[in-house]
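First comes the structure, then the notes that go with it.
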Amino acid sequence: MKMRMEEERQNHDKERKRREEEFREREEQYKRDIKEREDQERKIREELKREREEWEKQKQQERQRREEEEEKWRKNEKTMQDEYNEKLKQEKEDLQSKHDEEMKKMNMMMDEERQNHDKERKRREEEFREREEKNKTEIQREREEWEKQKQEARQREEEEEKWRKKEEAIGCEAELKSFISKLIVNQSERRSELSSECVRRDVELHGRLISLVELPALFNTQLSEEEVMRQTHRCVSLCHPGVHVFIIIIPDAPLNNEDRAEIEEIQRIFSSRINKHIMILIKQNSEHQTAELNEETQSVIERFGGRHQFIDLNTQVSVLMEKLEQMVEENSGDCFSTEILLETQMEKMKFLSLIEHFFKK
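If you're matching positions, the sequence shown starts at 6 in my numbering and goes up one per residue.
Shown next, in the form of structure tokens:
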């Protein structure tokens with residue numbers, strides 16, 4: 006038993022020693038492994054350190070290279086900017102020089118233009134003063150002549166004044182005015198051509214002394230502007246103290262260019278103050294002709310107050326006289342006098358003077 010136990014104990018010791026030996030071997034192996042691992046880690050750390058140092062070095066070199074490139078770029082940029090600024094400065098100086106030259110030329114041209122304008126203005130002012138003086142002289146002469154004619158007419162017609170009605174026939178066609186003259190005054194002769202002088206005819210109708218004055222054509226005549234105005238003043242002055250009725254005779258047909266121009270000329274010379282004294286007579290070629298008006302003729306009639314009458318050779322003078330009497334009553338006996346005509350001429354002169362003065366500015 007003891008031997009067995011001894012043997013077991015020995016075996017146990019052997020086993021223990023073996024295990025201890027294995028343990029020591031494993032421990033040594035572990036230590037070697039640990040050391041080897043530490044060596045590897047150290048190598049790795051050294052490698053990493055070396056790589057980091059290399060990377061830092063490359064990074065430093067890259068940064069330095071970029072800084073050098075940036076510095077080079079800045080220098081190039083500054084050089085280009087300086088060149089551009091210098092070029093811009095030179096161009097600006099050139100432009101300023103050209104601008105100064107152009108301004109100098111423009112100022113010279115403006116001075117020359119101003120001088121020419123002043124000369125032209127003075128010339129126009131002188132011409133206007135001359136025309137104004139001429140017009141004033143002409144108006145004064147017309148006024149003196151009118152005063153003289155008025156005095157003569159007053160002396161000649163003083164007793165028959167209250168029985169007289171004054172009418173003027175105006176228009177552009179001599180045959181039409183001769184027609185109305187024949188109708189009212191009952192004269193047998195016809196004037197085949199339009200006269201350049203005023204013609205007055207007197208006749209007593211229904212207890213009234215009628216004075217009919219034929220006014221020469223105002224448009225498309227051989228008369229000058231001064232002569233037209235002189236004849237206009239004379240025709241009005243022949244009917245002292247003025248004209249009760251202006252008769253415009255037109256055919257019952259579309260108006261031609263001469264008719265339109267004559268109507269515009271009447272309006273221009275006598276102004277709108279004549280409108281209430283105008284009667285439109287429309288000559289019909291036959292008693293069976295329709296009494297309808299074309300649009301343009303209707304417009305002319307409305308322009309002069311809407312007073313009109315159709316006439317032919319069979320028209321009764323009493324009918325026409327009744328129309329004229331009614332028109333005079335509507336105007337309360339007012340007439341278009343020479344004073345009114347002179348006033349309209351003066352107003353036109355003032356208006357033209359204002360316009361000319363405005364354009365001179």
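No residue lacks a Cβ here, since even glycine has one placed at the ideal position from N, Cα and C.
Residues in its own chain within less than 6 angstroms of residue i by CB, not counting five upstream and five downstream?
i, result
"residue 87", "none"
"residue 207", "216"
"residue 48", "none"
Check whether the Cβ atoms of residue i and residue j lie closer than 9 angstroms to each other.
i, j, result
"residue 356", "residue 275", "no"
"residue 349", "residue 247", "no"
"residue 338", "residue 245", "no"
"residue 309", "residue 336", "no"
"residue 271", "residue 314", "no"
"residue 353", "residue 242", "no"
"residue 332", "residue 213", "no"
"residue 231", "residue 135", "no"
"residue 137", "residue 323", "no"
Per DSSP, what kind of secondary structure is residue i in: helix, strand or coil?
i, result
"residue 337", "coil"
"residue 264", "helix"
"residue 312", "coil"
"residue 209", "strand"
"residue 297", "coil"
"residue 202", "coil"
"residue 317", "coil"
"residue 329", "helix"
"residue 102", "helix"
"residue 347", "helix"
"residue 242", "helix"
"residue 276", "coil"
"residue 304", "helix"
"residue 65", "helix"
"residue 223", "coil"
"residue 176", "Unreliable positioning characterises residue 176 in this predicted model, as indicated by a pLDDT of 47, which lies under 50. The coordinate reading is nonetheless provided below. Residue state, collapsed to three classes: coil."
"residue 228", "coil"
What are the partner residues of residue i, as DSSP defines its beta bridges?
i, result
"residue 248", "341"
"residue 256", "288"
"residue 283", "251"
Contact defined as beta carbons within less than 8 angstroms: I believe residue i pairs with residue j. What is the distance between those atoms, to the nearest angstrom?
i, j, result
"residue 284", "residue 316", "With a Cβ gap of about 11 angstroms, residue 284 and residue 316 do not count as contacting."
"residue 259", "residue 299", "6 angstroms"
"residue 240", "residue 223", "Contact flag wrong, Cβ pair sits at about 10 angstroms."
"residue 235", "residue 218", "Not quite, the Cβ-Cβ distance comes to about 15 angstroms (not below 8 angstroms), so this is no contact."
"residue 305", "residue 254", "No, residue 305 and residue 254 are not in contact; Cβ-Cβ is about 12 angstroms, not under 8 angstroms."
Quick one: what's got a C-beta closer than 7 angstroms to residue i's C-beta in the same chain, skipping five residues either side?
i, result
"residue 238", "147, 151, 343 and 346"
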